[in-house]
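Participant:
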Amino acid sequence: VNLTGPAASGTLLTNADFPLEHEYFVDAARTSTGDGTEQYPFLTVDEAFDSINADAVVHAAAGEYALTNYIVNVAAGTYSGALTLNNAKHVRVQGTGVILSGTIALTQTQQGGDYYSRVEFIGMEGFRAEKGPSFTISGAITATRNNDSLTYVTFKGAYLTSGGTFTATGDGTWVT
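Be aware that the sequence shown starts at 659, since it is given in the working numbering, and climbs by one per residue.
1. How is residue 696 classed by DSSP in three states: helix, strand or coil?
2. What is the DSSP secondary structure of residue 722, counted as helix, strand or coil?
3. Whose C-alpha, out of 808, 774, 813 and 805, is nearest the C-alpha of residue 799?
4. Measure the Cβ-Cβ separation of residue 797 and residue 828 and say whether it is below 8 Å.
5. In the DSSP assignment, find the unbroken beta strand (DSSP E) run with residue 804 in it and report its ends.
6. Check whether the region 730-748 and the region 703-711 are in contact - that is, three or more C-beta pairs closer than 8 Å.
7. With 16 other CB atoms within 10 Å as the buried threshold, where does residue 817 fall?
Right, dumping it as C-alpha coordinates:
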(Lines of atoms letter the chains of each structure in order from A; the text may use other names.)
(Lines give C-alpha, C1' and ligand atoms only; values in the text may rest on other atoms or scores of the structure.)
Protein backbone atom coordinates (compact mmCIF):
# COMPACT_ATOMS: atom_id res chain seq x y z
CA VAL A 659 0.00 0.00 0.00
CA ASN A 660 1.42 3.36 -0.98
CA LEU A 661 0.47 6.72 0.43
CA THR A 662 -0.86 9.07 -2.22
CA GLY A 663 0.16 12.40 -0.75
CA PRO A 664 3.29 14.24 -1.87
CA ALA A 665 6.36 14.32 0.34
CA ALA A 666 7.99 17.61 1.24
CA SER A 667 10.29 17.24 -1.76
CA GLY A 668 7.32 16.81 -4.09
CA THR A 669 7.78 13.06 -4.59
CA LEU A 670 5.32 10.42 -3.52
CA LEU A 671 5.77 8.68 -0.21
CA THR A 672 5.64 4.90 -0.25
CA ASN A 673 5.22 2.39 2.52
CA ALA A 674 9.00 1.89 2.31
CA ASP A 675 9.37 5.55 3.34
CA PHE A 676 6.77 5.40 6.10
CA PRO A 677 5.38 2.05 7.22
CA LEU A 678 1.82 2.61 8.33
CA GLU A 679 2.16 0.07 11.12
CA HIS A 680 4.08 -2.77 12.58
CA GLU A 681 1.38 -5.34 13.26
CA TYR A 682 1.49 -7.98 15.98
CA PHE A 683 -0.94 -10.75 16.89
CA VAL A 684 -1.61 -12.27 20.32
CA ASP A 685 -3.59 -15.43 21.09
CA ALA A 686 -3.48 -17.03 24.55
CA ALA A 687 -5.22 -20.14 23.19
CA ARG A 688 -2.11 -21.19 21.28
CA THR A 689 -0.01 -24.03 22.64
CA SER A 690 3.33 -22.31 22.07
CA THR A 691 4.45 -18.76 21.54
CA GLY A 692 5.39 -17.50 18.11
CA ASP A 693 6.95 -14.44 16.55
CA GLY A 694 3.88 -12.20 16.72
CA THR A 695 2.75 -12.80 13.15
CA GLU A 696 -0.83 -13.77 12.35
CA GLN A 697 0.26 -17.32 11.63
CA TYR A 698 2.41 -17.61 14.79
CA PRO A 699 1.00 -15.16 17.36
CA PHE A 700 2.49 -14.31 20.72
CA LEU A 701 0.86 -15.95 23.75
CA THR A 702 0.78 -12.76 25.84
CA VAL A 703 0.22 -9.05 25.34
CA ASP A 704 3.44 -8.55 27.30
CA GLU A 705 5.43 -10.23 24.51
CA ALA A 706 3.90 -7.84 21.97
CA PHE A 707 4.66 -4.82 24.16
CA ASP A 708 8.25 -6.04 24.67
CA SER A 709 8.66 -6.23 20.87
CA ILE A 710 7.20 -2.75 20.46
CA ASN A 711 9.49 -1.33 23.16
CA ALA A 712 12.59 -2.92 21.58
CA ASP A 713 11.64 -1.75 18.07
CA ALA A 714 10.86 1.78 19.29
CA VAL A 715 14.34 2.06 20.84
CA VAL A 716 15.94 1.17 17.50
CA HIS A 717 13.83 3.74 15.62
CA ALA A 718 14.45 6.44 18.23
CA ALA A 719 18.22 5.88 18.05
CA ALA A 720 18.01 6.29 14.27
CA GLY A 721 15.96 9.49 14.61
CA GLU A 722 12.87 7.75 13.20
CA TYR A 723 10.29 8.30 15.96
CA ALA A 724 7.58 8.86 13.32
CA LEU A 725 7.99 5.19 12.29
CA THR A 726 6.98 3.84 15.71
CA ASN A 727 3.37 2.99 14.80
CA TYR A 728 2.00 -0.34 15.99
CA ILE A 729 -1.19 -2.39 15.97
CA VAL A 730 -1.64 -5.25 18.43
CA ASN A 731 -4.50 -7.61 17.50
CA VAL A 732 -5.52 -9.54 20.61
CA ALA A 733 -7.63 -12.70 20.32
CA ALA A 734 -10.48 -13.29 22.77
CA GLY A 735 -9.26 -14.39 26.18
CA THR A 736 -8.02 -13.22 29.54
CA TYR A 737 -4.55 -11.74 29.76
CA SER A 738 -2.90 -10.76 33.03
CA GLY A 739 0.45 -9.41 34.04
CA ALA A 740 2.31 -6.15 34.37
CA LEU A 741 2.36 -4.51 30.93
CA THR A 742 4.82 -1.75 30.08
CA LEU A 743 4.70 0.39 26.96
CA ASN A 744 7.44 2.96 26.34
CA ASN A 745 7.91 5.78 23.85
CA ALA A 746 6.00 4.74 20.76
CA LYS A 747 4.36 7.31 18.48
CA HIS A 748 1.11 5.38 18.04
CA VAL A 749 -0.05 2.08 19.54
CA ARG A 750 -3.48 0.56 18.95
CA VAL A 751 -4.40 -2.48 21.04
CA GLN A 752 -7.59 -4.01 19.66
CA GLY A 753 -9.73 -7.06 20.19
CA THR A 754 -13.15 -8.43 21.02
CA GLY A 755 -13.82 -10.59 24.07
CA VAL A 756 -10.51 -9.49 25.59
CA ILE A 757 -9.90 -8.97 29.32
CA LEU A 758 -6.69 -7.28 30.47
CA SER A 759 -6.46 -7.88 34.20
CA GLY A 760 -2.91 -6.76 34.91
CA THR A 761 -1.49 -3.31 35.37
CA ILE A 762 -0.52 -1.16 32.41
CA ALA A 763 2.30 1.40 32.62
CA LEU A 764 2.46 3.90 29.74
CA THR A 765 5.58 6.06 29.59
CA GLN A 766 6.08 8.68 26.90
CA THR A 767 9.10 10.86 26.24
CA GLN A 768 9.33 13.41 23.46
CA GLN A 769 11.49 12.06 20.66
CA GLY A 770 13.33 14.26 18.18
CA GLY A 771 11.07 17.31 18.52
CA ASP A 772 7.86 15.31 17.93
CA TYR A 773 5.50 16.33 20.74
CA TYR A 774 2.50 14.11 19.97
CA SER A 775 1.70 10.46 20.55
CA ARG A 776 -1.37 8.24 20.86
CA VAL A 777 -2.34 5.00 22.64
CA GLU A 778 -5.69 3.39 21.78
CA PHE A 779 -7.62 0.53 23.34
CA ILE A 780 -10.30 -0.54 20.85
CA GLY A 781 -13.05 -3.09 21.46
CA MET A 782 -16.43 -3.59 19.85
CA GLU A 783 -18.24 -0.69 18.26
CA GLY A 784 -21.08 0.84 20.22
CA PHE A 785 -21.88 2.80 23.33
CA ARG A 786 -22.51 -0.09 25.75
CA ALA A 787 -19.33 -2.17 25.69
CA GLU A 788 -20.15 -3.65 29.10
CA LYS A 789 -23.26 -5.32 27.61
CA GLY A 790 -21.48 -7.47 25.06
CA PRO A 791 -18.16 -8.88 23.98
CA SER A 792 -15.69 -6.07 24.16
CA PHE A 793 -12.33 -5.05 25.44
CA THR A 794 -12.34 -5.00 29.25
CA ILE A 795 -9.56 -3.48 31.33
CA SER A 796 -9.69 -4.42 34.99
CA GLY A 797 -6.18 -3.37 35.97
CA ALA A 798 -4.85 0.06 36.82
CA ILE A 799 -3.30 2.18 34.06
CA THR A 800 -0.56 4.62 35.01
CA ALA A 801 0.56 7.12 32.38
CA THR A 802 3.80 9.08 32.78
CA ARG A 803 5.27 11.80 30.57
CA ASN A 804 8.92 12.68 30.91
CA ASN A 805 8.64 16.06 29.23
CA ASP A 806 6.20 18.73 28.15
CA SER A 807 4.34 17.08 25.29
CA LEU A 808 0.91 15.71 24.37
CA THR A 809 -0.45 12.15 24.40
CA TYR A 810 -3.92 11.07 23.39
CA VAL A 811 -5.27 7.95 25.12
CA THR A 812 -8.42 6.53 23.54
CA PHE A 813 -10.84 3.96 24.95
CA LYS A 814 -13.37 3.02 22.26
CA GLY A 815 -15.61 0.05 22.89
CA ALA A 816 -13.50 -0.59 25.95
CA TYR A 817 -14.94 -1.12 29.40
CA LEU A 818 -12.89 -0.05 32.42
CA THR A 819 -14.08 -1.90 35.52
CA SER A 820 -13.87 -0.43 39.00
CA GLY A 821 -10.27 -1.68 39.21
CA GLY A 822 -9.48 -0.29 35.76
CA THR A 823 -8.43 3.18 36.84
CA PHE A 824 -6.47 5.66 34.73
CA THR A 825 -3.92 7.91 36.43
CA ALA A 826 -1.72 10.38 34.55
CA THR A 827 1.41 11.85 36.12
CA GLY A 828 4.42 13.88 35.08
CA ASP A 829 4.91 16.73 32.66
CA GLY A 830 2.90 17.32 29.52
CA THR A 831 -0.73 16.87 28.64
CA TRP A 832 -2.81 13.70 28.51
CA VAL A 833 -6.06 13.75 26.54
CA THR A 834 -8.46 10.84 27.11
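The beta carbon of each residue, even a glycine, is placed where N, CA and C say it ideally should be.
Note that this is a predicted model, so its numbers are computed, not measured.
Facilitator: In terms of the structure at hand:
1. Taking the sequence shown and counting its residues from 1, the one referred to as residue 696 is at position 38. Residue 696 falls in the coil class under three-state DSSP.
2. One-based indexing of the sequence shown puts residue 722 at position 64. Residue 722 falls in the coil class under three-state DSSP.
3. As a working note, residue 799 is residue 141 in the sequence shown. Taking only the C-alpha atoms, the option nearest residue 799 is 813.
4. Walking along the sequence shown from the start, residue 797 turns up at place 139. Walking along the sequence shown from the start, residue 828 turns up at place 170. No, they are not a contact pair.
5. Your numbering for residue 804 matches position 146 in the sequence shown. Counting along the chain, residue 804 falls outside any beta strand (DSSP E), and DSSP gives it neither H nor E.
6. yes
7. Against the sequence shown, residue 817 aligns to sequence position 159. Its Cβ being crowded by 16 or more others within 10 Å, residue 817 is buried.
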